[in-house]
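Colleague:
2 protein chains.
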Amino acid sequence: MATDRNDALKLDEQDGLKGLRDAFVLRDGLNYLDGNSLGPMQKCVTERVGKCLEREWGQDLIASWNSAGWYRLPQTVGAKIAALVGAGENDVAVTDSTSVNLFKVLAAALSMRPDRNVIVSERSNFPTDLYIAEGLAAFADRGHELRLIDSTDELEGAVDDGVAAVMLTQVNYRSGELHDMAQVTKRVHDAGAVMIWDLAHSAGALPVDLAAADVDFAIGCGYKYLNGGPGAPAFVYVAPRLQDEVSQPLSGWFGHTAPFAMEPTFDAAPTIHRFLTGTPPILSMVALDAALDIWKDVSLGALREKSVKLCELFISLVEERCAGHGLSLASPRDASKRGSQVCFAHENAYPIMQALIARDVIGDFRAPDILRFGFAPLYVRFVDVYDAVDQLLRVLQTEEWKQDRFMVKGAVT
Amino acid sequence: MATDRNDALKLDEQDGLKGLRDAFVLRDGLNYLDGNSLGPMQKCVTERVGKCLEREWGQDLIASWNSAGWYRLPQTVGAKIAALVGAGENDVAVTDSTSVNLFKVLAAALSMRPDRNVIVSERSNFPTDLYIAEGLAAFADRGHELRLIDSTDELEGAVDDGVAAVMLTQVNYRSGELHDMAQVTKRVHDAGAVMIWDLAHSAGALPVDLAAADVDFAIGCGYKYLNGGPGAPAFVYVAPRLQDEVSQPLSGWFGHTAPFAMEPTFDAAPTIHRFLTGTPPILSMVALDAALDIWKDVSLGALREKSVKLCELFISLVEERCAGHGLSLASPRDASKRGSQVCFAHENAYPIMQALIARDVIGDFRAPDILRFGFAPLYVRFVDVYDAVDQLLRVLQTEEWKQDRFMVKGAVT
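The listed protein sequences correspond, in order, to chains Y and V. Count the first sequence with our numbering and you get residues 78 to 490, in order. Count the second sequence with our numbering and you get residues 78 to 490, in order.
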């Protein structure tokens, strides 16, 4: 473990992934530990989006739906993500937002278990997942109940024979707690329920194997560890055994078996395409498409190994160097139960994070008292971890976070 | 009316909107009459998207949600569209796709009339609108029926006291038929039903006055006459009298009254915001945002006047010069009942359109026998109309459309 800055530099020297950082635009001095909220841009994205603007839209216009492959982007981009989450190349589509995709798969799951009416999730799940379940249940108006548990330890008792679906986020957005996908999925299936995983903080952060765990549905985000750009389109996975069996209510023309036949009646495509809805936002799609090319040379095992080392270093340095300043670890201490982020709780978390940001160390605040730091192994260095702790210590020692300017809250933090 | 090319050039000389074409990227020789499918790019879009990439995402990263106004884009872009459709500046939001937005407003409409179970639409409506209604009705599973009429002349009989909602596209995607929004809305309201208009082929094509017609809900497309780019985000209008009253099932975090409070229970924003769902695709949003700036100097009255003149010229030239070649007008002859497009039917419409496209006159084919030409008044010139007919005549006279290469069908036409 590194105990001074030179040790950290040595770890970077030995890092098998070190060359990948060069692909990213990261200005000098910026210590970006918020890739779990918005991944940074890669240089190739500017070129790809520029080509889409100048050549594809600007010159070729409508013809680009065919000639530039726009029409196939939901599947071609989906295939790149499939490789990161243990899915077959035809089993992932890129479309809409994570929230909209959750609505689709949750509706499909409920339709698979018409005699059951409970949806189980965690109270600490990312709020939009709970909101979507709430909206869907209210509209379905068939007495669906959202049953919230405090921990997956309660699953055994909570998943009874009234439960239609269990929806969980594999890595918790606040604590970074990592669930055992295979074990939980098996338990849910044993109880006769359908399993939905939200991979927002997993895809591109650690190895995921949807097929091996026999997961029914999964959704995930394109703009965090996949670096697809602000509000990048999201993805949806449907187990191949279900693709031709289930339907989803957002049945728009892109989900039709022959969209351009312009038939008045819906005929669902026999593939993952039936989970598409309307026309996808192409500029955002091509940015994500370009951003994903970096993964073809990345070993997910090596990625995870580096992720664990970065997080372990951060925890040990904070606990050692910032001891006595009121920080307490709010993520699992056991690396095997933690994603690629680390949170510390502090009663003044908000202004402390603002003061850190002013020092160009970018993490984020999560209400009510969490300092959250993401360690994306593609571009975060060990020396960044060292320097972040150094800056955190200064903020705490100098108490500069008490300045008024750090107390003002913006719309997005 | 112009009878030769010089007359057309003279009309362009007198055109009050002629300067606007310079804002667009349209390569020499391209005669683009497909802006009703995908509007062309404006020069300002490259700059705006470039700034979003290099500065906002590339340099400022997550901070741009506040500092670059990303978080407010659904409403700031919505306000620009509101000005084009007769809506208050806070009554339009830009989000998701047209299909997804239709699902939201249709669900809201059905929840307003729980004792009625019929949705009325036109058989010739754009298919995705019908598919969405079908998917929604199937999922709601409360005996909803989709009642399709062949013409709005049948509305009187079709809208009985079992009808919850009527959803129509103001300008038909094939024929270009334009409905009388105020009259139809009044008839629907008189029958106690909720009125939903799809403005895909109206917004930016002609003056629309949602408020004056007392419309309940409207949706529309960003990538046709609004020139927002391929798959640009769509818009949704909700009458102010309904915004705080109705709910919609796609209740994601962007529709919450305080998204970043991260509360486990959904609390719908008291504004149009409750019709937002997930994180919007920012690159596609800023392209649309930039594309809309051109409208601030455009009189919609002058726009409509030019649109009518362009369409009238096209009809008269085709009927005069291409007589005897099997073309028949498939759009209303009365300009007051037609949008900004003209269709002709021909039994060999598909290869004829491909041959025209090979001659750089870009219209599109719509199954089974329609040649569709859009006349977007911001950039289409009278000389383009003249030249398009000239090329059409040559294709017909030479019968070059009979070549094998024009018979092959692509995925998107």
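C-beta atoms are modelled at their ideal positions from N, C-alpha and C, and glycine is treated no differently.
Going residue by residue through the stretch 340-397 of chain Y, where are the continuous alpha helix (DSSP H) segments of at least 4 residues, counting only ones entirely within it?
Modeller: If we require 4 residues or more, the alpha helix (DSSP H) runs fully inside the stretch 340-397 of chain Y come out as 359-368.
Colleague: Can you pull the chain Y neighbours of Trp274 of chain V, defined as C-beta to C-beta under 9 angstroms?
Modeller: In chain order: nothing, as chain Y lies at least about 17 angstroms away.
Colleague: What's the gap between the Cα of Glu396 of chain Y and the Cα of Ile209 of chain Y?
Modeller: Distance between the alpha carbons of Glu396 of chain Y and Ile209 of chain Y is about 38 angstroms.
Colleague: Return the chain-ordered list of same chain residues with a C-beta closer than 6 angstroms to the C-beta of Ser141 of chain V, the five sequence neighbours on each side being excluded.
Modeller: Once the five neighbours on either side are set aside, the close Cβ partners of Ser141 of chain V are Glu133 and Trp147.
Colleague: Quick one: Cα of Tyr109 of chain V to Cα of Gln468 of chain Y, how far?
Modeller: Their Cα atoms are separated by approximately 57 angstroms.
Colleague: Hey, out of Y:His333, Y:Ala311, Y:Arg398 and Y:Lys414, whose CA is closest to His256 of chain Y's CA?
Modeller: Minimum Cα distance to His256 of chain Y is reached at Y:Lys414.
Colleague: Following the continuous beta strand (DSSP E) through Asp441 of chain Y, name the residue where it begins and the one where it ends.
Modeller: Here the beta strand (DSSP E) through Asp441 of chain Y covers Asp441 to Arg443.
Colleague: Could you tell me which chain Y residues have their CB closer than 8 angstroms to the CB of Ala444 of chain V, listed as they occur along the chain?
Modeller: Phe337, Ala338 and Met339, listed in chain order.
Colleague: Starting from Phe502 of chain V, trace the beta strand (DSSP E) both ways and give me its first and last residue.
Modeller: Examination of residue 502 of chain V is not possible in this model, given that chain V is present from 78 through 490 alone.
Colleague: Can you tell me whether Thr172 of chain V is helix, strand or coil according to DSSP?
Modeller: Reduced to three states, the DSSP call for Thr172 of chain V is coil.
Colleague: How would you call Pro191 of chain Y, buried or exposed, if buried means at least 16 neighbouring beta carbons within 10 angstroms?
Modeller: Pro191 of chain Y is exposed by the Cβ-count criterion.
Colleague: Cutting at 7 angstroms between CB atoms, please list the residues of its own chain near Phe46 of chain V, excluding the five before and the five after it.
Modeller: Because chain V is modelled from 78 through 490, residue 46 of chain V falls outside the range shown and cannot be assessed.
Colleague: Quick one: residues in its chain with C-beta nearer than 7 angstroms to the C-beta of Lys95 of chain V, no 5 flanking neighbours on either side, listed in chain order?
Modeller: If we look at Lys95 of chain V and ignore the five residues flanking it on each side, its Cβ neighbours are Asp89.
Colleague: Suppose the cutoff is 6 angstroms on Cβ atoms and the five residues either side in sequence are ignored; what does the same chain contact list for Lys479 of chain Y look like?
Modeller: Cβ within range, chain order: n/a, list empty.
Colleague: For Leu377 of chain V, which residues of its own chain have a beta-carbon under 6 angstroms away from its beta-carbon, when the five flanking residues on both sides are left out?
Modeller: Same-chain partners within the cutoff: Pro284.
Colleague: Exposed or buried, which one is Ser228 of chain Y when buried takes at least 16 other CB atoms within 10 Å?
Modeller: Classification of Ser228 of chain Y: exposed, given that the 10 Å Cβ count is below 16.
Colleague: Verify whether the separation of the beta carbon atoms of Val122 of chain Y and Ala364 of chain Y is less than 7 angstroms.
Modeller: Yes, the pair counts as a contact, with Cβ atoms nearer than the cut-off.
Colleague: Any C-beta of chain V sitting closer than 7 angstroms to the C-beta of Ile359 of chain Y?
Modeller: Answer yes: the Cβ-Cβ gap between Ile359 of chain Y and chain V drops below 7 angstroms somewhere.
Colleague: What does Leu213 of chain Y reach in chain V if we use C-beta pairs closer than 8 angstroms?
Modeller: Residues of chain V passing the Cβ test: Pro326.
Colleague: Over the uninterrupted alpha helix (DSSP H) stretch that includes Gly299 of chain V, give me the two end residues.
Modeller: No alpha helix (DSSP H) contains Gly299 of chain V, which DSSP labels as neither H nor E.
Colleague: Is DSSP giving Leu255 of chain V helix, strand or coil here?
Modeller: DSSP places Leu255 of chain V in strand when its eight states are reduced to three.
Colleague: Any Cβ of chain V within less than 7 angstroms of the Cβ of Asp111 of chain Y?
Modeller: By this cut-off, Asp111 of chain Y is an interface position.
Colleague: Please list the partners that Pro117 of chain Y has in chain V, where partner means a Cβ-to-Cβ separation under 9 angstroms.
Modeller: Trp134, Gly135 and Leu138, listed in chain order.
Colleague: Which residues in chain V have a C-beta closer than 7 angstroms to the C-beta of Arg200 of chain Y? List them in chain order.
Modeller: Ordered by position in chain V, the residues that pass the 7 angstroms Cβ test against Arg200 of chain Y are Pro341.
Colleague: Keeping to the same chain, check which residues put their C-beta closer than 6 angstroms to that of Leu380 of chain Y; ignore five residues upstream and five downstream.
Modeller: The residues are Pro454.
Colleague: Just to confirm, are Met484 of chain Y and Pro428 of chain Y a CB contact at a threshold of 7 angstroms?
Modeller: Yes. Within cutoff.
Colleague: How do the stretch 227-245 of chain V and the stretch 196-208 of chain V stand: do at least 3 beta-carbon pairs fall below 8 angstroms, yes or no?
Modeller: The stretch 227-245 of chain V vs the stretch 196-208 of chain V: in contact.
Colleague: Between the stretch 173-205 of chain Y and chain V, which residues of the former have CB atoms less than 7 angstroms from a CB of the latter, in chain order?
Modeller: Result list: Asp173, Ser174, Thr175, Ser176, Val177, Phe180, Ala184, Arg200, Pro204 and Thr205.
Colleague: Of the residues V:Asp84, V:Pro310 and V:Asp92, which one's Cα is nearest the Cα of Val457 of chain V?
Modeller: The shortest Cα separation from Val457 of chain V among V:Asp84, V:Pro310 and V:Asp92 belongs to V:Asp92.
Colleague: Using only the alpha-carbon positions, how far apart do Val375 of chain Y and Arg98 of chain Y sit?
Modeller: Their Cα atoms are separated by approximately 12 angstroms.
Colleague: Quick one: residues in its chain with C-beta nearer than 7 angstroms to the C-beta of Cys298 of chain V, no 5 flanking neighbours on either side, listed in chain order?
Modeller: Excluding sequence neighbours, Cys298 of chain V sits near Thr175, Ala277 and Ala311.
Colleague: Kindly indicate which residue of V:Met362, V:Phe294 and V:Asn83 has the alpha-carbon position closest to the one of Gln152 of chain V.
Modeller: That would be V:Met362, whose Cα lies nearest to the Cα of Gln152 of chain V.
Colleague: Just how far apart, CA to CA, sit Pro336 of chain V and Val323 of chain Y?
Modeller: If I take the Cα positions, the gap works out to 32 angstroms.
Colleague: What does Arg104 of chain Y touch in chain V if you count any residue whose Cβ is under 9 angstroms from its own?
Modeller: Neighbours of Arg104 of chain Y on chain V, chain order: Gly135 and Gln136.
Colleague: Distance check for Ile139 of chain V and Asp291 of chain Y, CA to CA, integer angstroms please.
Modeller: Each residue's alpha carbon lies about 35 angstroms from the other.
Colleague: Expressed to the nearest angstrom, what Euclidean distance is found between the alpha-carbon atoms of Lys386 of chain Y and Gln247 of chain V?
Modeller: Spanning the two alpha carbons is a distance of roughly 59 angstroms.
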